[in-house]
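> What follows is a structure written as structure tokens; I'll ask about it next.
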Amino acid sequence: MAQYKHTVAIVGAGAAGIATASSMLKRRPDLDIVLIDGATEHYYQPGWTMVGGGVFDVAVTGRPMSSVIPKGTTWINQHVASFDPDNNSLTTASGDTVSYDMLVVAPGIKLDWDQIEGLRDTLGKNGVTSNYGADTSPYTWQLVQQMKKGRALFTQPPMPIKCAGAPQKSMYLSCDHWLRGGVLGDIEVQFRNAGAVLFGVADYVPALMSYVEKYGIDLELESNLVAVDGPGKVATFKGKDGEEQVEFDMMHVVPPQVAPDFIRNSPLAATSGFVDVDQFSLRHNRYPNVFGLGDGCSAPNAKTAAAARKQAPVVAVNALRVLDGLEPTVAYDGYGSCPLTVERGKIVLAEFGYGGKLMPSFPTWLVDGTKPARLSWMLKADALPWIYWNGMLKGREWLAGPGNMIAQ
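Take the sequence shown: its position 111, counted from the start at 1, is 110 in numbering that gives the first Met the number 0, and no numbers get skipped.
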């Protein structure tokens, strides 16, 4: 069992962790940073919706982790097992110890497939699919192409989930394909949403509802998937009036999502299980030399890659100041973005911050995010993947610079 010592330890080499490391190195190139992550592949997860819609090949969404680790950092290719923040150290799954002066925690979120009885056993077969995995999103497109008639179910679990619009995106792209193929009239489409509203920010609901009506979708709110019988093609939902069994020919499932076990069971966790941070500075509420960001932190923002893109520079600036014995000076405003693919070639570009405040990146004469637009599709399909690999992961903070002074 080895012992390591680094100035900054970053747990998680997903979008948030790598972007933070790169942003810190842009400001302080000689900084001693270690990234700790047991994965060997790095994925551009927003691309999986497009894979499920037949737009991207899944191969373009992944790269070897070794190719995206920022130069000048150390990579420990292990999973973290436990934290000891009182002694500024953590332990890996193999028993190695890493000591640090500053800890940044970006662990992502856990897809809890096992919360839904029978789901794990049938996922990827029997007509049951999900765009929430690189291994299953190609199966979504396979099912969509094969579907000519019958019932298609699309589900959404209770919040929090990463990319709250993703359950709908898969449905709209599927419906658009069926409409273009002349078979939508023979397919009964149901959207079973555990929530009480179609989308959490009201300004975007009218545009989305117009597509629900266009595609003839049966919208069922407060209906939560609790069990799946794959071979029998039966799904069980729990709603206001008890349980209901629904037969299906195809079903796109979004799993319930929770904080990773090693976070939830650690001293760093809030009551929610996520890393307990101040929502503005992203500094831990109890440990001054700990920051958290991305899907795994407790800030009440939408869990999207766009949020991590905005959070990373805030953490970079504030963490470096704390390393220098100073206080955080910049704030995260809750920005998140959800490009809702309502049809092939058009997107409703939802951009919002804390409290559902609209935060468009472009003037409305160029892109009105509350209405479907072709320019937004070009942004999602062409620009954003390139910006992710060549900008965000390399510390280039295009339209994502650190925010304003924190109110004292």
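Quick reminder that beta carbons are idealized off the backbone N, C-alpha and C, glycines included.
By the 10 Å Cβ neighbour count, where 16 or more other Cβ atoms means buried, how is Pro-401 classified, buried or exposed?
Classification for Pro-401: buried.
> Any idea which residues DSSP pairs Val-103 with across the strands?
For Val-103, which the question treats as bridged, DSSP gives the partners Ile-9, Phe-290.
> Apply the 10 Å Cβ neighbour rule to Pro-159 and answer buried if 16 or more other Cβ atoms are within range, or exposed otherwise.
With 16 or more other Cβ atoms within 10 Å, it is buried.
> Would you mind working out which of Met-146, Ala-163, Phe-190 sits nearest His-176, comparing C-alpha positions?
Checking every option, the nearest Cα to that of His-176 belongs to Met-146.
> Taking Gly-107 and Gly-13 to be in contact with their CB atoms under 8 Å, please state how far apart those CB atoms are, rounded to whole angstroms.
That belief holds up - the Cβ atoms of Gly-107 and Gly-13 are roughly 5 Å apart, short of 8 Å.
> Evaluate Val-313 with the Cβ neighbour count: other Cβ atoms within 10 Å of its Cβ, from every protein chain shown; 16 or more gives buried, anything less gives exposed.
Classification for Val-313: buried.
> Hey, could you find the ends of the alpha helix (DSSP H) Asp-120 is sitting in?
118 to 121 is the span of the alpha helix (DSSP H), which, as asked, contains Asp-120.
> Evaluate Asn-86 with the Cβ neighbour count: other Cβ atoms within 10 Å of its Cβ, from every protein chain shown; 16 or more gives buried, anything less gives exposed.
With fewer than 16 other Cβ atoms within 10 Å, it is exposed.
> Using the C-alpha atoms, what's the distance from Asp-260 back to Thr-96?
For Thr-96 and Asp-260, the distance between alpha carbons rounds to 19 Å.
> Going residue by residue through the region 308 to 346, where are the continuous alpha helix (DSSP H) segments of at least 4 residues, counting only ones entirely within it?
Runs found: none.
> Please go through the region 43 to 127 and give each complete alpha helix (DSSP H) segment of 4 or more residues, from N-terminal end onward.
Counting only runs of 4 or more, we get 46 to 51, 64 to 67, 118 to 121.
> Are the CB atoms of Ile-386 and Trp-376 nearer to each other than 8 Å?
No, the pair does not count as a contact, with Cβ atoms beyond the cut-off.
> Can you tell me whether Thr-121 is buried or exposed? The criterion is at least 16 other CB atoms within 10 Å of its CB, across all chains shown.
It counts as buried.
> Quick one: complete beta strand (DSSP E) runs, 3+ long, within the region 203 to 263?
If we require 3 residues or more, the beta strand (DSSP E) runs fully inside the region 203 to 263 come out as 217 to 220, 223 to 228, 233 to 238, 241 to 246, 249 to 251.
> So, helix, strand or coil for Leu-197, using DSSP?
In the structure shown, Leu-197 sits in coil (DSSP, three-state: anything other than H, G, I, E or B).
> Can you give the Cα-Cα distance for Phe-290 and Ile-17, rounded to whole angstroms?
Rounded to the nearest angstrom, the two C-alpha atoms are 14 Å apart.
> List the endpoints of the continuous beta strand (DSSP E) containing Gln-155.
Gln-155 -> beta strand (DSSP E) spans 149 to 155.
> What did DSSP end up calling Lys-370 once you bin it into helix, strand or coil?
Lys-370 falls in the coil class under three-state DSSP.
> Is it buried or exposed for Thr-19, if we count other Cβ within 10 angstroms and need 16 for buried?
Thr-19 should be labelled buried.
> Could you give the C-beta distance for Val-252 and Leu-224, rounded to a whole number, given that I count them as a contact under 8 Å?
Right, their Cβ atoms sit about 7 Å apart.
> Please state whether the Cβ-Cβ distance between Thr-340 and Thr-48 is less than 8 Å.
A contact, by the Cβ cut-off of 8 Å.
> Only counting the same chain, and skipping five residues up and downstream in sequence, which positions put a Cβ closer than 6 Å to that of Met-391?
Excluding residues within five positions, the ones whose Cβ falls inside 6 Å are Ala-18, Arg-308.
> Does DSSP put Arg-179 in a helix, in a strand, or in coil?
Correct three-state label for Arg-179: helix.
> Pull up the CB-CB distance for Ser-214 and Cys-174, whole angstroms please, since I reckon it's below 8 Å.
According to the sequence as given, residue 214 is Tyr; it is not Ser. Their Cβ separation, rounded to whole angstroms, is 4 Å, which keeps Tyr-214 and Cys-174 in contact under 8 Å.
> Among Tyr-203, Val-227, Ala-399, which residue has its Cα nearest to the Cα of Ala-372?
Ala-372 has its Cα closest to that of Tyr-203, out of Tyr-203, Val-227, Ala-399.
> Under 8 Å by Cβ, that's how I've got Pro-327 and Arg-395 pegged, so tell me the actual separation to the nearest angstrom.
That pair is no contact at about 22 Å.
> What are the residues that DSSP puts in a beta bridge with Val-188?
Val-188 pairs with Ala-151.
> Could you tell me if Ala-406 is buried or exposed, where buried requires 16 or more neighbouring beta carbons within 10 angstroms of its beta carbon?
Low local confidence applies: a pLDDT of 44 at Ala-406 is under 50, so the model's placement there is unreliable, and no value is given.
> Identify the continuous alpha helix (DSSP H) that holds Leu-392 and give its terminal residues.
Where Leu-392 is concerned, there is no enclosing alpha helix (DSSP H), given that its DSSP letter is neither H nor E.
> If you measure between the beta carbons of Ala-151 and Ile-186, is that distance less than 8 Å?
Against a cut-off of 8 Å, the Cβ pair of Ile-186 and Ala-151 comes out as a contact.
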